[in-house]
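Order-wise, the sequence lines are chains A and B. Residue numbering for the first sequence is 55 to 724, as defined by my numbering. Residue numbering for the second sequence is 35 to 288, as defined by my numbering. Ideal Cβ placement from N, Cα and C applies to all residues, glycine included.
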Amino acid sequence: MSKLDSKIPEGAIDQKWTKYRSTVPLVNPANKRSLEVLVVGSGLAGASAAATLAEMGYKVKVFCFQDSPRRAHSIAAQGGVNAAKNYQNDGDSTYRLFYDTIKGGDYRAREANVHRLAEVSSNIIDQCVAQGVPLAREYGGLLSNRSFGGTQVQRTFYAAGQTGQQLLLGAYSALQRQVGSGNVTLCSRHEMLDVVTIDGVTRGIIARNLVTGEMEKHFGHAVLLCTGGYGNVFYLSTNAMGSNVTAAWKAHKKGAFFGNPCYTQIHPTCIPVSGDHQSKLTLMSESLRNDGRIWVPKKKDDNRKPTDIPEEERDYYLERRYPAFGNLVPRDVASRAAKERCDAGYGVGNSKMAVYLDFAFNTARYGRTEATKRNIQNPSHEEIMRLGKEVVKEKYGNLFDMYQQITGENPYEVPMRIYPAVHYTMGGLWVDYNLMTTVKGLYALGEANFSDHGANRLGASALMQGLADGYFVIPYTIGVYLSTEVTRMSAEKDKADSIDKLKTKHPAFDAALKEQTDLINKFLNIKGTKSVESFHKRLGLIMWNKCGMARNKQGLTEAIAEIQALRKEFWSDVRVLGSADEFNPDLEKAGRVADFIELGELMCKDALHREESCGGHFREEHQTEEGEAKRDDVNFAYVAAWEYKGVSDWELNKEELKYENIKIAQRSYK
Amino acid sequence: MGSGHGTELNLTLKVWRQKNTKATGSFETHQLSGISTDMSFLEMFDVLNEKLISEGKEAIAFDHDCREGICGMCSMYINGRPHGPKQGVTTCQLHMRSFKNGDTIVVEPWRSAAFPVIKDLAVDRSAFDRIIASGGYISVNTGNAQDANNILIPKTDADEAFGAAACIGCGACVAACKNSSAMLFVSAKVSQLALLPQGQVERKERVKKMVAAMDEEGFGNCTNTGACEAECPKGISLENIARMNRELMGATFK
Ligand SMILES: Cc1cc2nc3c(=O)[nH]c(=O)nc-3n(C[C@H](O)[C@H](O)[C@H](O)COP(=O)(O)OP(=O)(O)OC[C@H]3O[C@@H](n4cnc5c(N)ncnc54)[C@H](O)[C@@H]3O)c2cc1C
Ligand code: SF4
Ligand code: FES
Chain A
55 MSKLDSKIPE GAIDQKWTKY RSTVPLVNPA NKRSLEVLVV GSGLAGASAA ATLAEMGYKV
115 KVFCFQDSPR RAHSIAAQGG VNAAKNYQND GDSTYRLFYD TIKGGDYRAR EANVHRLAEV
175 SSNIIDQCVA QGVPLAREYG GLLSNRSFGG TQVQRTFYAA GQTGQQLLLG AYSALQRQVG
235 SGNVTLCSRH EMLDVVTIDG VTRGIIARNL VTGEMEKHFG HAVLLCTGGY GNVFYLSTNA
295 MGSNVTAAWK AHKKGAFFGN PCYTQIHPTC IPVSGDHQSK LTLMSESLRN DGRIWVPKKK
355 DDNRKPTDIP EEERDYYLER RYPAFGNLVP RDVASRAAKE RCDAGYGVGN SKMAVYLDFA
415 FNTARYGRTE ATKRNIQNPS HEEIMRLGKE VVKEKYGNLF DMYQQITGEN PYEVPMRIYP
475 AVHYTMGGLW VDYNLMTTVK GLYALGEANF SDHGANRLGA SALMQGLADG YFVIPYTIGV
535 YLSTEVTRMS AEKDKADSID KLKTKHPAFD AALKEQTDLI NKFLNIKGTK SVESFHKRLG
595 LIMWNKCGMA RNKQGLTEAI AEIQALRKEF WSDVRVLGSA DEFNPDLEKA GRVADFIELG
655 ELMCKDALHR EESCGGHFRE EHQTEEGEAK RDDVNFAYVA AWEYKGVSDW ELNKEELKYE
715 NIKIAQRSYK
Chain B
35 MGSGHGTELN LTLKVWRQKN TKATGSFETH QLSGISTDMS FLEMFDVLNE KLISEGKEAI
95 AFDHDCREGI CGMCSMYING RPHGPKQGVT TCQLHMRSFK NGDTIVVEPW RSAAFPVIKD
155 LAVDRSAFDR IIASGGYISV NTGNAQDANN ILIPKTDADE AFGAAACIGC GACVAACKNS
215 SAMLFVSAKV SQLALLPQGQ VERKERVKKM VAAMDEEGFG NCTNTGACEA ECPKGISLEN
275 IARMNRELMG ATFK
């Protein structure tokens, strides 16, 4: 029998959640006060979960490694958040959002979860607006929407190019309200280093106070990992510098299966690498594809300035290849198409590894509309462009400023140069319908879990998922487990050495604490010759070249061997300076890189075993004649959930995916 | 420029080093050569730190995360100005093309009694979190919300609230102010919520509580020098302070 039970409720797809929600066991208010929940992470998933659970009466502790929960990486999300509100009256519905997400994910996501996500999406917008999140409005005072890739309706809500910031500040304010009223204890500048389990059940965590270096034990009846994605395994990505896999990876080593680790999203529109010094890559939001047209010159090695290349000598390759969706094809498709053009020698810029994202056409279009609105007769071209720029500035001003700041070029005048970059990880800890991992009492929410995006996430769906998980899913589903804890607690009430009396005095906590302290000392005692950073860079290069946008058997096999060698070298030659009992960013990073190296190997292994192409996972051996991803639904319509068995040793478990409501089909955006 | 044809700079860096909160700190001087003008200021620090590590010396501790100007974590006081010489950018978005070959650059942490130094260039800004916890929210539990379009908000109000909400909580305003006042930060949140219909119910209580919390944290008084607005990377306007003062008057004297 499979070790995986997804616990999907019975019934029709549009009834499952409603029915389940009203039948899950409840925990009465008095008992809630004696139940402690540890929330690791304060991004959209963590902050929304922590605030809501505290409002319900649970005792909550929140951990984040930044100096404030408001700085979680969700803050950087730019473009928007989806919801099936149908405010634009363009035919949107829960079903359509459900359908788009399953199709966008290339038929590798779980139907029941995705439908639930679509169902609660509307509530998210209501909740955020009630909190005072200033989402964009029309002149009539109603909410405004924009389009994102992979859909033909306008369902994306936004706040200029700072949607993540505004949503997170909303969740953060709800969280701080609970901190202020004493229901949440905040542990900023803390890093979770391990999960503590007793008899296979989660009982707490080990965390390091990053300021003092003190190792701490924290007890909890449930632990929620809301620790984000692992894109930084590639070294260069659009993720924040601190984003890491440590919490999820340590949980994995304690028994939590890792789902689809190889599903990585490479975002098509990022600012290209400018040199060896590059420390991270910057996204230019997908929303720009509403108004920016992507092209390369029709001639190879065309060194003319983009503005000197006449219209007929430009290849708007997305519009050419995908007339139905044009520049708004999903990310995986747009990224591969850019790579294809650059590999074929049509790339632009010094490195030739870039394509143009050009706003001139739509700036002019906006300018003409403005001129008409303002009753300007026969406006000159300059006049039109000036008016158009005002409109573009209002929509994307902060992104244009950011581009100019980084590249020194003015995107109002010349097209942006962009190239794909690692952005998001669809893979993550395997969870059931309740968001529980394979370890009892341990949950994963937001980008840290694997569940809703299949092999490719559609734009503006991650914010939606993080908030859905935190505000509207976990508050119900956690009761399923915690109600059993209540029963256990009352049964063990008179036991002198019960879990609840011992809490962190249980020897399992001391053992875990010692293990993590030893690990830290090990880093410091290697006293090798190479910096942590240099190992991270080398790992990133292996991953990008051999487990990046295009993968093949030979490359992946080589990558596995190279990563194993890198791991050995790391553990014998890394140099970590300073001490354990102080603020030591280099030591923090050593732990994260050590975990990334192990994860990298598993990602390659997963990519190697998946002998098909789907979504962001493109195996060169499996493509159609036109170079599109070719799935193998007969053999690979499953979630690969890897079980950790020891160093370089994993066992594959499969969760079969059943499509009962959507007909599985070849994805087409033509 | 850009697109990888940056020129290279030789620089002298004077950086504040301080072992921990209690230790007394001092400046340390470093020479750097071959710094590309395409690098960000923090990438220049990465180069310096790699160099230090290779020499067996401890890296300089500094705060940073997103490196996109949005998380508010980076916080360097560069040549006497929070976030350096360029207006409207955070330290992480400052690029080396803003400097000249041969420049001496002095880098210090934010200096304010309410922001104790943790180590080198990293400071403790948790006072900001406590101010928000005192009242910087709208009290609405999850699940209590009405349909979002039932609340009509004029675009101009929404835009103005958004302008105030753009604050990234970096603390440059405090670092810029000779009194270490946190008025710009606090007023941005007070304004955002006062401008929105959802924020009306708690309007009076909110401003009183937040100002009281601010005073308790040991931030100084505002004497209207305007240094905060000039150095704020997100263009948060002094008008917010004026609005907060009106709000406070309105809340205190009815
Ligand atoms: C530049 C950019 C733009 C994006 N734009 C969009 C967009 O427009 N729309 C959209 O839908 N999605 C977007 N995304 C994706 C989306 O932002 C993320 O997927 C989402 O915000 C993740 O939220 P999260 O709550 O799961 O994790 P995060 O926000 O990453 O939070 C992780 C939290 O975990 C904490 N943490 C991690 N490890 C530990 C540890 N060991 N100990 C203690 N704490 C720990 C961190 O401190 C942090 O608080 C974007 C992503 C990027 C990179
Ligand atoms: S008001 Fe400006 S300077 Fe002050 S914390 Fe906010 S963004 Fe930073
Ligand atoms: S590092 Fe995030 S704002 Fe500078």
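In this structure the stretch 235 to 248 of chain B lies against the stretch 163 to 178 of chain B, because at least three pairs of beta carbons, one per stretch, are closer than 8 angstroms. Note on geometry: alpha-carbon atoms of GLU674 of chain A and ALA604 of chain A lie some 6 angstroms from one another. Inclusion of LYS238 of chain B and ALA179 of chain B in the CB contact set at 7 angstroms is not warranted, their separation being larger than that value. The Cβ atoms of ALA104 of chain A and VAL116 of chain A sit closer than 7 angstroms to each other. LYS238 of chain B has its Cβ no nearer than 6 angstroms to any heavy atom of ligand 2.
Within the stretch 660 to 710 of chain A, complete alpha helix (DSSP H) segments of at least 4 residues are found at 687 to 690, given in chain order. At the C-beta level, ILE259 of chain A and VAL277 of chain A come within 7 angstroms of one another. Shortest gap from the CB of THR281 of chain A to any heavy atom of ligand 1: under 6 angstroms. Excluding its 5 nearest sequence neighbours in each direction, LYS223 of chain B has C-beta neighbours in its own chain below 6 angstroms: GLY170, listed in chain order.
Counted as a single uninterrupted DSSP element, the beta strand (DSSP E) harbouring CYS241 of chain A occupies residues 238 to 241. For ALA398 of chain A, no alpha helix (DSSP H) encloses it, and the DSSP letter there is neither H nor E. A Cβ-Cβ distance of about 5 angstroms is found for the pair CYS105 of chain B and ILE129 of chain A, placing them in contact under the 8 angstroms criterion.
Straight through space, the alpha carbons of ALA691 of chain A and TYR317 of chain A are spaced by roughly 14 angstroms.
Among the CB atoms of chain B, none fall inside 7 angstroms of the CB of TYR457 of chain A.
For CYS182 of chain A, no beta strand (DSSP E) segment is defined; the enclosing uninterrupted segment is the alpha helix (DSSP H) at 165 to 184.
Boundaries around TRP625 of chain A are those of the alpha helix (DSSP H), 607 to 627, since no beta strand (DSSP E) includes it. When secondary structure is reduced to three states using DSSP, LEU279 of chain A falls in the strand class. By a beta-carbon distance limit of 8 angstroms, VAL250 of chain A does not contact THR531 of chain A. Their separation comes to about 22 angstroms.
Along the stretch 510 to 576 of chain A, the alpha helix (DSSP H) occurs as fully enclosed runs of 4 or more residues at 516 to 521, 528 to 545 and 553 to 556, listed in sequence order. TYR376 of chain A is a Cβ neighbour of LYS724 of chain A, given a cutoff of 7 angstroms.
A Cβ closer than 7 angstroms to some heavy atom of ligand 3 marks a residue here, and those residues are B:HIS98, B:ASP99, B:CYS100, B:ARG101, B:GLU102, B:GLY103, B:ILE104, B:CYS105, B:GLY106, B:MET107, B:CYS108, B:THR124, B:THR125, B:CYS126, B:GLN127, B:ILE202 and B:CYS204. The Cβ atoms of ALA694 of chain A and ASP649 of chain A lie no closer than 7 angstroms to each other. Under the Cβ criterion of 7 angstroms, SER88 of chain A is not counted among the residues facing chain B.
The Cβ atoms of SER70 of chain B and GLY40 of chain B sit closer than 7 angstroms to each other. The secondary-structure analysis by DSSP pairs HIS129 of chain B across a beta bridge with B:SER74. Within a 10 Å sphere around the beta-carbon of ARG358 of chain A sit fewer than 16 other beta-carbons, which makes this residue exposed.
Taking the Cα positions, ALA95 of chain B is about 22 angstroms away from ASP330 of chain A. Taking C-beta atoms under 8 angstroms as the contact rule, GLY285 of chain A and MET480 of chain A fail to qualify, at a distance of about 11 angstroms. Per DSSP, the continuous alpha helix (DSSP H) segment holding TYR457 of chain A begins and ends at 435 to 461. Sixteen is the threshold: since fewer than 16 other Cβ atoms of the shown chains lie within 10 Å of the Cβ of ASN404 of chain A, the residue is exposed.
For LEU227 of chain B, the chain A residues whose Cβ falls inside 7 angstroms of its Cβ are GLY186, in order along the chain.
Under the three-state reduction of DSSP output, GLY258 of chain A falls in the strand class. In this structure, the C-beta of ALA247 of chain B stays at least 6 angstroms away from each heavy atom of ligand 2. One Cα belongs to LEU556 of chain A, the other to THR256 of chain A, and the distance between them is close to 14 angstroms. Secondary structure of GLU62 of chain B (DSSP, three-state): strand. Cβ proximity to chain B below 9 angstroms picks out PHE211, ALA213, ALA214, GLN216, GLY218, GLN219 and GLN220 from the stretch 208 to 222 of chain A.
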